[in-house]
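Only one structure is covered here, and it is reproduced in the block below.
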Amino acid sequence: MKDQDKKKEQLLHKLEGSETEHKGTRETGAKLLQSEEILRMLIDGAKDYGIITLDPDGRVLTWNPGAERIKGYRAEEIIGQHFSRFYPREDIEQGKPERELKTAAAEGRFEDEGWRVRKDGSKFWANVIFSPLRDAQARLVGFSKITRDLTERYQAEEELKKHRDHLEELVKERTAELRAASLYSRSLIEASLDPLVTIGRDGKITDANAATGKATGIPRERLIGDDFANYFTEPEKAREGYNRAFTEGSVRDYPLTLKHVSGSTTHVLCNTSVYEDEAGEVKGVFAAARDVTEQKRTTEVIQRQAQEILEISTPVLQVWEGVLVAPLIGTLDSQRTQRFMERLLERIVETNSAVALVDITGVPTIDTQTAQHLIDTISAVRLLGAQVILTGVRPAIAQSLVHLGIDLSGITTRPSLAAGLQVAIDALGLQLIAGKKSSGREA
Amino acid sequence: MAAENISVIKVRNILMVTVPPDPDDETISALQEQVLRAMERYEAKGLVLDISTVEALDSFFARTVAETAQMVALMGGRTVIAGMRPSVAVTATQFGLTLGNALTALDMDRALDMLDEMRRERG
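As you go down the protein sequences, you meet chains X and Y in turn.
So the first sequence is residues 719 to 1161, counted in our numbering.
So the second sequence is residues 2 to 124, counted in our numbering.
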């Protein structure tokens, strides 16, 4: 555009120059004619530019093929018409055409981009430059108007803008979604009552939730970057669990004890698993610690009580030298039988007793399993070289033993402890007679 | 090596053997051999196997002992196993191991008493 202006100016300048140089010669007229011809060719040849001139009021004076191509009017149709017909109705109503001419006249140039109307009424996006034309006395004789059809560029720009806006919208939406998702996950992590931490490959805490801060008494910011093992009473054991998570992928219910800054401790079971990035590379481990202090205490109490019950429920008493009495009370399970058996055998060896009376008066019911436990106990006692007399076989017990088809025929049984004691004394009497020489005791 | 660990002692007409703490199969087999040879040589009437130092009992041991008791019976003697530890008795029961018709006694004294008793009963 500017090049075009320049060319035109240069031409005009040349025209003036040649006028001054060759004033009054015959050649001048010819040259002038030649210059005007060149100018005309230039203007007509500029197919992409609508180059027209207007009179001072805005009526079309000259029209070039470029203008015809852009606006659709032929020269004979438009010359003499007011240029405001190129403007959309709303621009005309606002007095835009007149204003533009005035500005151009006042400032020497006016450039505008906007919608213009073709002959067929369709609109195109135009770049328009007005320049005032003045004579030697600087009187306004008209305007030159150069118009370019930039509709395609405009549309492309608009399209681009639309795309950009759409993209921005999408990015905004996606960002909001991501933020919401991230907030949601974070809030879940923070809502967890169990301490949750992530630990990097270097063993340093990379993230921790509020519950972790609570369990350790150390704020999250200070936890991050610190060695996780420092927060357990047994750092070595903690590290071992951490390493196992890497080799095995995950570790369940790993018992550890968390330290609080105040010195108190929390027994926890850690569930640990490795986590990966998008490429599938292991980035570290995720650990969740469940506070089991209360359960542990309860379990300990239960275990202790169960132990006590086992102890008190199976007393083994020495009632005479060489005679033990073991009154069984309650149901016999395998664990209890095991302990009872061990205790009875130990006491037999300790007291060097040849006879043990096992009284089952306090055993509510007897089933196949209980009977088997008793038979096992009696067999074990026999292996030691002692004898068991099973006493307290009440009618109901006798019935169920027979109905269950349990054979106790190889075992001495008596209905009451007293009767069993009698058997023991008899057995002892025999032994006492036999042992008279060594023990020196009288029966 | 197995045989050197075992000494069969004869007191009057009773054989006494202390089984080493951790007998292997070879030792147990050697034990049986020596006991039977001694039975033949001394015409003994009884055998006391002291297993008070034995800490674990396996099925081979249990079977060999039961068989030995049977063999000794065929040669006219009774066998008493003495001094089994409570822990050994518990394991033996759990695995269902038995000692056949061998008798058991709490200790050596009682084992000798038992053998005396039986001889007297038999006349």
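The C-beta atom is built at its ideal place from N, Cα and C for all residues, glycine as well.
All values derive from a computational prediction rather than experimental measurement.
Setting aside the 5 residues that flank it on each side, residue 950 of chain X is surrounded in the same chain by 956, 974, 975, 976 and 977, each with a C-beta closer than 8 Å to its C-beta; the list follows chain order. Comparing alpha carbon positions, the residue from Y:93, Y:104, Y:111 and Y:108 closest to residue 61 of chain Y is Y:93. Here the alpha carbons of residue 943 of chain X and residue 962 of chain X stand approximately 21 Å from one another. In the DSSP assignment, residue 79 of chain Y forms a beta bridge with Y:47.
In this structure the stretch 910-918 of chain X lies against the stretch 992-1005 of chain X, because at least three pairs of beta carbons, one per stretch, are closer than 8 Å.
Shown here for residue 1108 of chain X: same chain residues with a beta carbon closer than 6 Å to its own, the five before and five after excluded, namely 1076, 1129 and 1131 in chain order. Ranked by Cα distance from residue 1064 of chain X, the options Y:14, Y:67 and Y:90 are led by Y:90.
Residue state for residue 961 of chain X is assigned as helix, using DSSP reduced to three classes. Residue nearest to residue 1082 of chain X within the set X:1118, X:847 and X:873 is X:1118 (criterion: CA-CA distance). Note on geometry: alpha-carbon atoms of residue 1016 of chain X and residue 1022 of chain X lie some 10 Å from one another. Closer than 7 Å at the C-beta level to chain Y, one finds these residues of the stretch 1098-1118 of chain X: 1098, 1100, 1101, 1102, 1103 and 1104. Sequence-distant partners of residue 965 of chain X (beyond 5 residues in either direction) whose C-beta falls short of 8 Å from its own C-beta are missing from its chain. Within chain Y, no residue has its CB atom less than 9 Å from the CB of residue 1039 of chain X, the nearest being about 13 Å off. Interface flag for residue 1067 of chain X against chain Y is set, since a Cβ pair is found closer than 8 Å.
Contact residues of the stretch 910-928 of chain X toward chain Y are absent (C-beta to C-beta distance below 7 Å). When rounded, the separation of the alpha-carbon atoms in residue 761 of chain X and residue 782 of chain X is 7 Å. Rounded to the nearest angstrom, the gap between the Cα atoms of residue 1106 of chain X and residue 1099 of chain X is 7 Å.
Using a Cβ distance threshold of 8 Å, residue 46 of chain Y and residue 6 of chain Y do not count as a contacting pair. The C-alpha of residue 1036 of chain X lies about 20 Å from the C-alpha of residue 1092 of chain X.
Collapsing the DSSP output to three states places residue 829 of chain X in a strand. With respect to the 8 Å criterion, residue 1120 of chain X and residue 1078 of chain X are not classified as neighbours on the basis of their beta carbons. Residue 1022 of chain X carries a helical assignment under DSSP once its states are collapsed to helix, strand and coil. The continuous stretches of alpha helix (DSSP H) do not include residue 1047 of chain X, which lies in the beta strand (DSSP E) extending over residues 1041-1047. For residue 850 of chain X, the pairing in a beta bridge is given by DSSP as X:861.
Nearest in C-alpha terms to residue 769 of chain X, of all of X:984, X:819, X:866 and X:800, is X:866.
According to the DSSP assignment, residue 931 of chain X belongs to the alpha helix (DSSP H) that extends over 928-934. In chain order, 771, 772, 773, 774, 779 and 851 place their CB closer than 7 Å to the CB of residue 860 of chain X, counting only its own chain and leaving out the 5 sequence neighbours on each side. Residue 15 of chain Y is bridged by DSSP to Y:12 and Y:47. In chain order, 94 and 95 make up the part of chain Y whose C-beta sits under 8 Å from the C-beta of residue 1094 of chain X. Chain Y places no beta carbon closer than 8 Å to that of residue 1035 of chain X, leaving this residue out of the contacts.
Per the C-alpha coordinates, the member of X:919, X:893 and X:958 positioned closest to residue 1001 of chain X is X:919.
A distance of 8 Å or more separates the beta carbons of residue 39 of chain Y and residue 75 of chain Y.
In the DSSP assignment, residue 1131 of chain X is bridged to X:1108. DSSP assignment within the stretch 794-819 of chain X yields the following whole alpha helix (DSSP H) runs of 4 residues or more, N-terminal first: 807-811. Within a 10 Å sphere around the beta-carbon of residue 11 of chain Y sit fewer than 16 other beta-carbons, which makes this residue exposed. Between the stretch 896-906 of chain X and the stretch 867-879 of chain X there are fewer than three inter-stretch CB-CB distances shorter than 8 Å, so the stretches are not counted as touching.
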